[in-house]
Amino acid sequence: MLKRIPASQVRLGMYVHKMEGAWTDHGFWKSSFLLTRPQDLQRLRQSRVQNVWINTAKGADVPSGEQPDSPAVVPKTTAPARSVVPPRADMKAEVVRAAKVCAVAKGAVVEMFSDLRMGGAIEPTRVASVVEEISQSIMRHPHALISLARLKQADEYTYMHSVAVSGLMIALARQLGLAPELVQEAGLAGLFHDVGKMVIPEGILSKTGKLTEAEFDIVRSHPQEGVNLLRNSAHISEMVLDVCLHHHEKCNGEGYPHGLHQHQISLFAQMGAVCDVYDAVTSERPYKQGWGPADAIQKMAEWKGHFDERVFQAFVRCVGIYPVGALVRLESGRIGVVIEQNQKSLLTPVVKVFFSARSRLPIVQAVVNLADRRDKIVGRENVEDWGFKQIDELWSGLPEPKGSYFS
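With the UniProt record's numbering applied, the sequence shown corresponds to residues 1 to 407, in that order.
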């Protein structure tokens, strides 16, 4: 039996059939699930969901005699742990440092990819240094480098995409609680996941029109081509080779090159799939404009069967439901850009407002911390629809360059 109840009446053991509102109101991967974890109950209560449909045939019912909207206690599983997370660096200060890290990393990737294409091997000390610099930036501030790397130009895509995916893999590995040595390996895997594109004709990679089936077959060969290139380097791990070969596999078996299903795809290849797609769809390409970061998260959440649920949820916790750089509209009618994430709630980032959707005029810029609950996000906005220019300066603090941010 389906029953509609206020979110305040939800209890552990209930089967959630549907949550009213948009996915961005709650951020759960599934809308139907058995509620068994206290942290999920807490998350539901802190979301913007007001009413929930439960299925009493699959889970617990509302206790008889309970008054509507009566408070529920979320049981504590452990005492609060003392935080061991170091304080974040200032976002704008780290963006400046991250730009330099990205520029050096891009130059190193250009040279290493060229060496591999010519039959050479990777120099382990150099690549370890590149990954370490990216990792240190992520540790100082988890959003600066991965947000900045999205601003690559189309003609530097292959190399900066590798740097961006390396940063995303490091951030995701840290979010998943992996051991430090595995975090570094994940960064290395991200750096070389697309190296096989070095042997794909540039005319195909940069083609503005639709690829023919024959051309797409050539593109689909790049994972195996990448493995062939990397095997010349004796110290490259099987995990790095696995990510290179399988980052285009999908959990529903519709990926390539082997059409693997979820249980056949390693954790690191599943991580690579999410990070690769996110950076690809948010980047400017010769044949398309990049999606806004919040639009990308929304659309990726709708691709059922594409990603592993646990990995994607961890990724969203990394970048946010409204990632840094996302253009959003607030309930007050103000439009702003997300400049920082709230470490306690994905739904209440810090936003710099600069425009009124009601008057359609600029307003005095102001920083709004949505955790204060005096305003809230009511929707995502498209930069092109409004004709805004130099929007990235608002969150990065960097003037828009005539060329690349990473030259």
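Cβ coordinates follow ideal geometry from the N, Cα and C atoms, glycine included.
Residue state for V277 is assigned as helix, using DSSP reduced to three classes.
Between the alpha carbons of G272 and G190 lies a gap of roughly 7 Å. Residues of the same chain with a CB within less than 7 Å of the CB of E331, apart from the 5 flanking positions on each side, are D375, K376 and V378 in chain order.
In the structure shown, K18 falls within a strand segment according to DSSP collapsed to helix, strand and coil. When DSSP states are grouped into helix, strand and coil, P124 belongs to the helix group. D392 and L34 have their alpha carbons spaced roughly 41 Å apart.
Pairing Q270 with V311 gives a Cβ-Cβ distance under 7 Å. By the neighbour-count criterion, in which 16 or more other beta carbons inside 10 Å mark a residue as buried, Q341 falls on the buried side. Close CB contacts of R4 within its chain, under the 7 Å cut and outside five residues either way in sequence, are with N51 and W53 (chain order). Contact check between the region 292-308 and the region 192-211: fewer than three CB pairs, one atom from each, fall below 8 Å, which does not count as touching. Nearest Cα to V367 within the set L182, R97 and L394: L394. With respect to A89, H141 sits close: the two C-beta atoms are nearer than 7 Å. Around the beta carbon of M1, fewer than 16 other beta carbons sit within 10 angstroms, so the residue counts as exposed. If the five residues before and after Y256 are omitted, its C-beta is found closer than 6 Å to the C-beta atoms of R220 and H248, all from its own chain and listed in chain order. As DSSP reads the structure, L327 sits in a beta bridge with V337.
Using a Cβ distance threshold of 7 Å, F355 and Q365 do not count as a contacting pair. The alpha-carbon separation between D217 and F113 amounts to approximately 22 Å.
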